[in-house]
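One structure below.
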Amino acid sequence: MDTGEETYVRSALYNADATRAPNSTIKNDLEEVAQRWSQRGFDIWEELEGRHFYTDFVSWRSLQAGSHFARRMEDHGAADWYAGKSAEVAAVLTSYWNDKLQAYVSSDAQALAGAKRDGLDAQVLLAFVHAGDSGARGAWSPASPRVLSTLRAYVKSFKGLYKINPDASWTDGRLVGRYREDIYDGVGTSRANPWFICTHAVSTVLYLAAAQLSVADSIVVTRESRAFWSDITGTEVPEGTEWEKGEPEFDTALRNVHRVADRFAETAATFYDSGHMAEQIQKDTGKQTGARDLTWSYASFIEQERAKEAALNATPSILV
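Per full-length UniProt numbering, the sequence shown starts with residue 1, numbered consecutively.
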């Protein structure tokens, strides 16, 4: 549209006069999501049937973006309908917050109970990588208190699980897997291994958070983010603390987020094999295992590097 291809878009991708049409891929997909978002299905790992945070989150984002696009296409009725459905999904997303874990969990309570999982899962972080808000103050942005708390809880859940990880603070960087209870080891079933995509997801969320916070007026420590900021800064930070932009504490906090992100990125890079990335890293030996040259691993590396570049461009003076 912005490059002068509106005629092509209207003729081949979006038919505002039909809810189903051969040459209307975008409209067809939006209609499918709007009508079926509430149905149960399988998670992104293709293992667990139920309602899932990732699926609902990307559905919410697609309907939100679809509403704006439909209005641009002068399809105002559809725009209003997509916006209404987006609001319905947003209301459901809050139900995934687990106050005990201080984290968003991956699936509905019934699905998690049946699988005997607590719900701390990399797919929640991937949702924010793929579809999170771009503003630091957005409730669904990587920089929001609940997302930072979720990241901390998820990473800490892997403490002591893999022999190749150092016995150190989570802020020193460690390899992480899909979820602690995982038994798929890339070949069969046993105690599962760390994955490249999961470790990259941690560094990516932290880089995205750093970039977003760098343009905020301040960092406010909430009940949900207090433990995260205490770990990141290495000192107990009381709830209600506010670091204003320009203050040394603001710069130090951002610098530390960058450093922790770098540590996760560097930890993953230690196990690249001449640039090659399989699906998993064997938990005892550090050798790659599972699907060879997995596209997901490479795609997650690219996402990480893009997020890192955005963070570096947003905070060059702080990192000096």
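Using N, Cα and C, we set each Cβ at its ideal position, and we do this for glycine too.
This one's a predicted model, so the numbers in the text were calculated from it and none came from an experiment.
Where the beta strand (DSSP E) through residue i begins and ends
i    : result
S218 : 218-220
Y243 : According to the sequence displayed, residue 243 carries Trp and not Tyr. W243 -> beta strand (DSSP E) spans 242-244.
For residue j and residue i, believed in contact at Cβ under 8 Å, the rounded distance
i    : j    : result
A216 : A311 : Actually they are not in contact, since the Cβ atoms of A216 and A311 sit about 13 Å apart, beyond 8 Å.
R255 : D172 : About 16 Å; that fails the 8 Å criterion.
K283 : R191 : 7 Å
F42  : S106 : Not a contact, Cβ separation roughly 12 Å.
G177 : E279 : Incorrect: roughly 11 Å between the Cβ atoms, too far for contact.
F128 : P142 : 5 Å
Cα-Cα separation, residue i to residue j
i    : j    : result
Q35  : L120 : 29 Å
S300 : L294 : 10 Å
D231 : M277 : 30 Å
H258 : P22  : 47 Å
A122 : D2   : 35 Å
G290 : A131 : 27 Å
C198 : L126 : 8 Å
W140 : H200 : 19 Å
A168 : S62  : 39 Å
Q304 : A83  : 30 Å
D29  : V9   : 14 Å
Y154 : L101 : 9 Å
V260 : E266 : 10 Å
D80  : M73  : 13 Å
Where the alpha helix (DSSP H) containing residue i begins and where it ends
i    : result
W37  : Note, W37: premise wrong, no alpha helix (DSSP H); not H, not E.
D56  : 53-72
N165 : Element bounds for N165: n/a, residue is neither H nor E.
E305 : 295-314
Y154 : 145-156
S230 : 226-233
P248 : 248-269
Y82  : 76-93
A113 : 109-115
Residue closest to residue i, alpha-carbon to alpha-carbon, out of the options
i    : options                : result
A115 : G50, A87, S95          : G50
A90  : A111, H76, D251, D133  : D133
E181 : T315, K245, L112       : L112
D75  : A18, D99, T267         : A18
L13  : A70, L48, A103         : A70
A268 : V220, R226, E46, N193  : N193
S86  : A103, F57, S218        : F57
A227 : F271, S149, S24        : S149
E249 : W229, R72, A65         : W229
I26  : D118, R40, H68         : H68
E47  : R117, E244, L175       : R117
Y162 : Y179, R152, V147, S38  : Y179
S317 : D99, G246, N15         : G246
A314 : S225, S218, W45, L213  : L213
A234 : D273, W296, W170       : The amino acid occupying residue 234 in the given sequence is Gly; Ala does not appear at that position. Of the candidates D273, W296, W170, the one whose C-alpha sits nearest the C-alpha of G234 is W170.
L151 : E224, Y184, A16        : E224
I219 : T241, K156, N165, S297 : T241
T204 : R174, E236, W60, I302  : I302
R40  : Y298, E244, D108, L206 : D108
Strand pairing of residue i, partner residues [DSSP]
i    : result
A103 : N98
V189 : Note on identity: in this sequence residue 189 is Thr, with Val being the wrong assignment. Bridge partners of T189: Y184.
T289 : Q280
G50  : G41
Y179 : D121
W195 : Q280
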